[in-house]
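Engineer: Going down the list, the sequences are from chains X and C. Quick note on this note's numbering: the first sequence kicks off at 501 and runs consecutively. Quick note on this note's numbering: the second sequence kicks off at 40 and runs consecutively.
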Amino acid sequence: MHRIHSHRVLAEKIHEFWIEAPLVARKYRAGQFVIVRTHEFGERIPLTVVEADANSGRIRLIVQEAGKSTILMCRLQAGEHFLDVVGPLGRATHIENWGNLVAVCGGVGTASLLPIVRAAAAAGNSVYAVIGSRSKDLMILEDEFRAACKEVRVSTDDGTYGIKGFVTDVLRQWIEQGQKFQQAIIVGPVIMMKVAAALTKELAIPALASLNPIMVDGTGMCGGCRVTVHGKTYFACVDGPEFDAHGVDFQELILRNQAYRNLEERALHGLLDKGCQLTAQLEGAKHA
Amino acid sequence: MPDGTAAPKKAKRERVPRVKMAEQAPEKRIHNFEEVPFGYTEEQAIVEANRCLICKRPKCVDGCPVNIDIPKFIAQIRDGDFLGAARTVRATNSLPAVCGRVCPQAEQCEVLCVEGIKHEPVAIGNLERFIADWELAQGQIALPEIPPPTGYRIAVVGSGPAGLTVAGDLAKIGHDVTVFEALHRPSGVLAYGIPEFRLPRPVVKSEIEYIQRLGVKFVYDVVIGVTVTVDELFEQGFHAVFIGTGAGLPRMMNVPGENLVGVYSANEFLTRVNLMGASRDGYDTPVRLAKHTVVVGGGNTAMDAARVSLRVSGNPVTLAYRRSMEEIPARREEIHHAIEEGIKFELLVAPLEVLGDERGQVKAIQCIRMGLGEPDDSGRRRPEPIAGSEFVMECDTVIVAIGNSPNPIIPRNTPGLEVSKWGTVVADEATGATSRPGVYAGGDIVSGAATVILAMGAGRKAATAIHEYLQTLPKP
Ligand SMILES: Cc1cc2nc3c(=O)[nH]c(=O)nc-3n(C[C@H](O)[C@H](O)[C@H](O)COP(=O)(O)OP(=O)(O)OC[C@H]3O[C@@H](n4cnc5c(N)ncnc54)[C@H](O)[C@@H]3O)c2cc1C
Ligand SMILES: Cc1cc2nc3c(=O)[nH]c(=O)nc-3n(C[C@H](O)[C@H](O)[C@H](O)COP(=O)(O)OP(=O)(O)OC[C@H]3O[C@@H](n4cnc5c(N)ncnc54)[C@H](O)[C@@H]3O)c2cc1C
Ligand code: SF4
Ligand code: SF4
Ligand code: FES
Chain X
501 MHRIHSHRVL
511 AEKIHEFWIE
521 APLVARKYRA
531 GQFVIVRTHE
541 FGERIPLTVV
551 EADANSGRIR
561 LIVQEAGKST
571 ILMCRLQAGE
581 HFLDVVGPLG
591 RATHIENWGN
601 LVAVCGGVGT
611 ASLLPIVRAA
621 AAAGNSVYAV
631 IGSRSKDLMI
641 LEDEFRAACK
651 EVRVSTDDGT
661 YGIKGFVTDV
671 LRQWIEQGQK
681 FQQAIIVGPV
691 IMMKVAAALT
701 KELAIPALAS
711 LNPIMVDGTG
721 MCGGCRVTVH
731 GKTYFACVDG
741 PEFDAHGVDF
751 QELILRNQAY
761 RNLEERALHG
771 LLDKGCQLTA
781 QLEGAKHA
Chain C
40 MPDGTAAPKK
50 AKRERVPRVK
60 MAEQAPEKRI
70 HNFEEVPFGY
80 TEEQAIVEAN
90 RCLICKRPKC
100 VDGCPVNIDI
110 PKFIAQIRDG
120 DFLGAARTVR
130 ATNSLPAVCG
140 RVCPQAEQCE
150 VLCVEGIKHE
160 PVAIGNLERF
170 IADWELAQGQ
180 IALPEIPPPT
190 GYRIAVVGSG
200 PAGLTVAGDL
210 AKIGHDVTVF
220 EALHRPSGVL
230 AYGIPEFRLP
240 RPVVKSEIEY
250 IQRLGVKFVY
260 DVVIGVTVTV
270 DELFEQGFHA
280 VFIGTGAGLP
290 RMMNVPGENL
300 VGVYSANEFL
310 TRVNLMGASR
320 DGYDTPVRLA
330 KHTVVVGGGN
340 TAMDAARVSL
350 RVSGNPVTLA
360 YRRSMEEIPA
370 RREEIHHAIE
380 EGIKFELLVA
390 PLEVLGDERG
400 QVKAIQCIRM
410 GLGEPDDSGR
420 RRPEPIAGSE
430 FVMECDTVIV
440 AIGNSPNPII
450 PRNTPGLEVS
460 KWGTVVADEA
470 TGATSRPGVY
480 AGGDIVSGAA
490 TVILAMGAGR
500 KAATAIHEYL
510 QTLPKP
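1) Could you tell me whether the region 410-429 of chain C touches the region 275-287 of chain C, using the rule of 3 or more Cβ pairs below 8 Å?
2) Tell me, please, whether the CB atom of Asn446/C is closer than 8 Å to any CB atom in chain X?
3) Taking its Cβ as the centre, do 16 or more other Cβ atoms sit within 10 Å of Phe281/C, making it buried, or is it exposed?
4) For the beta strand (DSSP E) containing Thr332/C, name the first residue and the last one.
5) Under 8 Å, do Gly590/X and Pro741/X count as touching if we go by C-beta distance?
6) Between the C-alpha atoms of Gly429/C and Leu576/X, what's the straight-line distance to the nearest angstrom?
7) Can you check DSSP and say which residues form a bridge with Asn600/X?
8) Check Phe517/X in the structure and name its three-state DSSP category.
9) Does DSSP classify Glu742/X as helix, strand or coil?
10) Taking just the CA atoms, how far does Lys256/C sit from Ile263/C?
11) Show which residues of chain C have a CB atom less than 7 Å away from the CB atom of Cys649/X.
12) Give the range of the alpha helix (DSSP H) segment to which Pro110/C is assigned.
13) Is any heavy atom of ligand 1 found at a distance shorter than 7 Å from the C-beta of Pro741/X?
14) Can you tell me which of the three DSSP states Val100/C falls into?
15) Looking at the C-beta of His506/C, does it have a partner C-beta in chain X at a distance below 8 Å?
16) Just to make sure I have the definition right: I need the residues of chain X whose C-beta is within less than 8 Å of the C-beta of Thr266/C. Which are they?
17) How long is the line joining the alpha carbons of Arg192/C and Pro476/C, rounded to whole angstroms?
18) With distances taken between CB atoms, is the gap from Leu349/C to Met364/C smaller than 8 Å?
19) Counting only Cβ-Cβ distances shorter than 7 Å, please list the residues of the region 703-730 of chain X near chain C, keeping chain order.
20) Would the C-beta of Leu576/X count as close to ligand 1, meaning under 7 Å from any of its heavy atoms?
21) I need the straight-line Cα distance from Glu174/C to Arg503/X, nearest angstrom please.
22) Is DSSP giving Glu220/C helix, strand or coil here?
23) Would you mind telling me which residues of chain C sit closer than 8 Å to Val554/X, beta carbon to beta carbon, in chain order?
24) Could you name the residues of chain C that Lys472/X contacts, counting a contact when the two beta carbons are closer than 7 Å?
25) Please name the residue or residues paired with Ala88/C in a DSSP beta bridge.
26) State the Cα-Cα distance for the pair Asp553/X and Val439/C, rounded to the nearest angstrom.
27) Do Gln400/C and Val300/C have their CB atoms nearer than 8 Å?
28) So is Tyr628/X in contact with chain C if we call contact Cβ pairs under 8 Å?
29) Going by C-alpha to C-alpha distance, which of Gly607/X, Lys650/X and Gly609/X sits closest to Ala622/X?
30) Nearest by alpha-carbon distance to Val608/X: which of Glu752/X, Met692/X and Leu601/X is it?
31) Could you check if Asp415/C is buried or exposed, using at least 16 other CB atoms within 10 Å of its CB as the buried criterion?
32) Which residue comes first and which comes last in the alpha helix (DSSP H) that contains Ser318/C?
33) Any beta carbon of chain X sitting closer than 8 Å to that of Asp260/C?
34) Between the C-alpha atoms of Gly606/X and Ile631/X, what's the straight-line distance to the nearest angstrom?
35) Ignore the nearest five residues each way along the sequence and tell me which others in Gly662/X's own chain have a CB closer than 7 Å to its CB.
36) Buried or exposed: which applies to Ala466/C, given that a residue is buried once 16 or more other Cβ atoms fall within 10 Å of its Cβ?
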């Protein structure tokens, strides 16, 4: 059982947790994730560890309400518990002194990129970032990015903040203004990663992408997290989650992540239709 | 028989046929996950026990990897001494209710049975299951007397049959044992792989409870090599480490279309259903409801995946295996059950490509027919594709069950641990000793994917060797 030390809403449907997981906190390195189960009937859900404090034994998770499991998770309050937290899983980001690194992120992927940005800056890189979101209210962690980066540019789909457009528009513009990047790292919705990967390829900037396939065990046992990179199959949980962005078959990842769409939607509607049952389920889950 | 003095004796030994277990009817059981065979009644067990010749030189024992004293426990059943029989079995086998159900008896103990030379072999597995179930039905299994704590601490990595055996054996002699398991539930393949209709959960649960009552501690959600390394286990004061992490890395077919939506490894499919409860009400993990499933493979895993898919989807399932019924490696009983349940067998067939639609969903599998050529290294005739025999089977789900490789996490993260070119941990066959002092290994991580009882046999040997090793250390 892992006690929730704090729970805060960062933006609509985006929640931050600090939870007790001393073994993970002690071992964690940037780029790694945990698998979490909140209750006895729950799914095993992969979540990036955004920050860890080995002294207090706590880790920071940032979760977007996407479907049933994450919605239930985000109803949990400080003092309550996550049932299982296992990790730190996946390979840590391989950080070199690249020179100028550009971090390209969007949505909740921003949270996954923060620790990498910090680690890259600590390793002597000059870090630049492009953060995208749908609108101003959904922008998260901007201050923390500014603290770690030389420069941060933002874009929103609706133009309520920063440049109106996509992260790729910002990146292209930046380069046209003469900015040089030796390395890019991309984390966000798969469609965004696909477009950003194509752009960095066009601009001949080496790029890493942190992939988010559906996972079950997270230990290499099930193969559910298969991704194709440069025509070869990898298990993202043990071989990744980061891969050469220029080799990733993003279309396949998009399709595979929708594998359970109908079933998930049914589960979600079951949950939302019966608002009162949600509380009952949660109560049941807590006592299970 | 008019001649010979042996006649009266023979007349007394009336030849009775092997007692069959009653089973759930196929048309009923394909709609549920309840166990297929019901087990023997006491009367049936005694009748079957009477078939045993109680041999002076019992061949059957040689075939059992943990050398259960088979004639002794069968004689005890025959005499109605069930408690004694249970003790005899438990003396060398800490998971009898499991082994009685899942051992490949037909190739191990029963194949060597003396009675089986001319007639049907004694149903050793069924009797073992009977006595283990009888014991469980009595309530708590009686604990052996445990000597005072020795103060030695042993870390067991992985809670599959190998790890459980080591843990139980060492706890019984007073050592302090902690089992570390990566998943949220114990027992390895017994929990995530083998389905309930072959191995009911309460059976596994009570075996685990017994091991806990011996004093073994279980820690879940810890991946050794990642969360804590083997070196750190020693730093934390463990005196010895046993690695029993199994062969949980699914092999894929390496054919085009293998990552389409609807292609599962058997491990993923079975884990979703068995460990995560995907087919049960109230559980959040989803699983596909196939219209037609094609399972590729012919081992126990393939049979399990096929029969689980049949139960979950209620729709047809076809099994494609590249050799013939002669070579198919699954337990005979499972093949028989699968056929009864209506699984269609496409034998001498190999997959070439999985075909998908515009949404990336599986819509068919292209296969080729095989002929059998010369015997290969394994002595089985090598399947060879027959040119021009390609054909397409429509299906929306493909489950790949063509084997598992050793789990790479420990080998990757443990300096100084010798690993073979197949990724298995190199360990002494007699002791389980690895290239690192104090580190022992056994089960599928050493042998490659094998059987429950072989993993337990390796665990038993390692436990003995670990105990001897501990005696060479200073008293804690
Ligand atoms: C290595 C890794 C790190 C991740 N880190 C984070 C994180 O830090 N914060 C966070 O909020 N999420 C993260 N995710 C994604 C998160 O695991 C999924 O959002 C979650 O599993 C969805 O579960 P659900 O039951 O709530 O939604 P579901 O009902 O399962 O899905 C809702 C929708 O999300 C899509 N989806 C399902 N699984 C995934 C997935 N794994 N990734 C992306 N989309 C998915 C489905 O297509 C569906 O449309 C990470 C995923 C991986 C693999
Ligand atoms: C579907 C299926 C059906 C089968 N049917 C039969 C049958 O009918 N009869 C039979 O005899 N055999 C059968 N087998 C084979 C048998 O189950 C295995 O040979 C046996 O379970 C091996 O035992 P083990 O203890 O070596 O490993 P496993 O049972 O694989 O257990 C290993 C455990 O270690 C854990 N682990 C792995 N890595 C780590 C780590 N780094 N840290 C912590 N924990 C870790 C795993 O999560 C797992 O729980 C079947 C196998 C499968 C997959
Ligand atoms: S453990 Fe397996 S091999 Fe040994 S007697 Fe029992 S069924 Fe036979
Ligand atoms: S070999 Fe057969 S008949 Fe002889 S003791 Fe063993 S089970 Fe009984
Ligand atoms: S999540 Fe199961 S192998 Fe990666």
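All C-beta atoms in this analysis are idealised placements derived from N, C-alpha and C, irrespective of residue type, glycine included.
Structural biologist: In terms of the structure at hand:
1) no
2) Working through the second sequence from its first residue, we reach residue 446/C at position 407. It does: the Cβ of Asn446/C has a partner Cβ on chain X nearer than 8 Å.
3) Here residue 281/C refers to the residue found at position 242 of the second sequence. The residue is buried, with at least 16 neighbouring Cβ atoms inside 10 Å.
4) Residue mapping note: residue 332/C aligns to position 293 of the second sequence, counting from 1. Segment Thr332 to Val335, the beta strand (DSSP E) holding Thr332/C.
5) For the purposes of this step, residue 590/X is identified with residue 90 of the first sequence, where counting begins at 1. For the purposes of this step, residue 741/X is identified with residue 241 of the first sequence, where counting begins at 1. In this structure, Pro741/X lies closer than 8 Å to Gly590/X by Cβ.
6) The residue given as residue 429/C occupies position 390 in the second sequence. The residue given as residue 576/X occupies position 76 in the first sequence. Sequence check: residue 429/C is Glu here, not Gly. For Glu429/C and Leu576/X, the distance between alpha carbons rounds to 55 Å.
7) As a first step, residue 600/X must be located in the first sequence, where it is residue number 100. DSSP, once it has assigned bridges, lists Ser626/X as partnering Asn600/X.
8) Position 17 of the first sequence holds residue 517/X. Three-state result, Phe517/X: strand.
9) As a position in the first sequence, residue 742/X is number 242, starting the count at 1. Looking at Glu742/X - three-state DSSP - the assignment turns out to be strand.
10) By one-based count along the second sequence, residue 263/C stands at place 224. By one-based count along the second sequence, residue 256/C stands at place 217. Looking at the two C-alpha atoms, the distance is approximately 16 Å.
11) By 1-based counting over the first sequence, the position of residue 649/X is 149. What Cys649/X touches in chain C: nothing, since even the nearest Cβ is about 30 Å away.
12) In the second sequence, the residue the question calls residue 110/C occupies position 71. Its alpha helix (DSSP H) spans residues Ile109 to Arg117.
13) As a first step, residue 741/X must be located in the first sequence, where it is residue number 241. It does: the Cβ of Pro741/X is within 7 Å (strictly closer) of some heavy atom of ligand 1.
14) Along the second sequence, one-based indexing puts residue 100/C at 61. DSSP places Val100/C in helix when its eight states are reduced to three.
15) By one-based count along the second sequence, residue 506/C stands at place 467. Chain X contact via Cβ: absent.
16) Position 227 of the second sequence, counted from the start, is the residue given in the question as residue 266/C. Result: Leu523, Val524, Lys527, Val586, Gly587 and Pro588.
17) The count along the second sequence starts at 1 and reaches residue 192/C at position 153. The count along the second sequence starts at 1 and reaches residue 476/C at position 437. When rounded, the distance between both Cα atoms is 15 Å.
18) Mapped onto the second sequence, residue 349/C falls at position 310. Mapped onto the second sequence, residue 364/C falls at position 325. In this structure, Met364/C does not lie closer than 8 Å to Leu349/C by Cβ.
19) Val716, Asp717, Thr719, Gly720, Met721, Cys722, Gly723, Gly724, Arg726 and Thr728
20) As a first step, residue 576/X is located in the first sequence; it is residue number 76 there, counting from the start. Every heavy atom of ligand 1 is 7 Å or more from the Cβ of Leu576/X, so no.
21) To locate residue 174/C, count along the second sequence from 1; it is residue 135. To locate residue 503/X, count along the first sequence from 1; it is residue 3. Going by the C-alpha atoms only, they are around 40 Å apart.
22) As a first step, residue 220/C is located in the second sequence; it is residue number 181 there, counting from the start. DSSP places Glu220/C in coil when its eight states are reduced to three.
23) Against the first sequence, residue 554/X aligns to sequence position 54. Rather than Val, the amino acid found at residue 554/X in this sequence is Ala. Going along chain C, no residue has its Cβ under 8 Å from Ala554/X, so there is no contact; the nearest lies around 13 Å.
24) With chain X covering 501 to 788 only, the question about residue 472/X has no answer from this structure.
25) Here the question's residue 88/C lines up with position 49 in the second sequence. According to DSSP, Ala88/C bridges with nothing at all.
26) Within the first sequence, numbered from 1, the residue matching residue 553/X stands at position 53. Within the second sequence, numbered from 1, the residue matching residue 439/C stands at position 400. Cα to Cα, the separation comes out at about 42 Å.
27) One-based indexing of the second sequence puts residue 400/C at position 361. One-based indexing of the second sequence puts residue 300/C at position 261. In this structure, Val300/C lies closer than 8 Å to Gln400/C by Cβ.
28) In the first sequence, residue 628/X corresponds to position 128, counting from 1. Chain C, which has no Cβ nearer than 8 Å to the Cβ of Tyr628/X, makes this no.
29) Residue 622/X sits at position 122 when you count from the first residue of the first sequence. Considering only alpha carbons, the answer is Lys650/X.
30) Walking along the first sequence from the start, residue 608/X turns up at place 108. Selected option, being the one with the closest Cα: Met692/X.
31) For the purposes of this step, residue 415/C is taken as the residue at position 376 of the second sequence. Classification for Asp415/C: exposed.
32) Stepping through the second sequence from its first residue, residue 318/C is reached at position 279. First-last for Ser318/C: undefined, no H or E at that position.
33) Indexing the second sequence from 1 puts residue 260/C at position 221. Answer yes: the Cβ-Cβ gap between Asp260/C and chain X drops below 8 Å somewhere.
34) The residue you call residue 606/X lines up with position 106 of the first sequence. The residue you call residue 631/X lines up with position 131 of the first sequence. Their backbone Cα atoms lie some 6 Å apart in a straight line.
35) Residue mapping note: residue 662/X aligns to position 162 of the first sequence, counting from 1. For Gly662/X, where only same-chain residues beyond five positions count, the Cβ hits under 7 Å are Arg653, Val654, Ser655 and Thr656.
36) Counting from 1 along the second sequence, the entry for residue 466/C is found at position 427. Ala466/C should be labelled buried.
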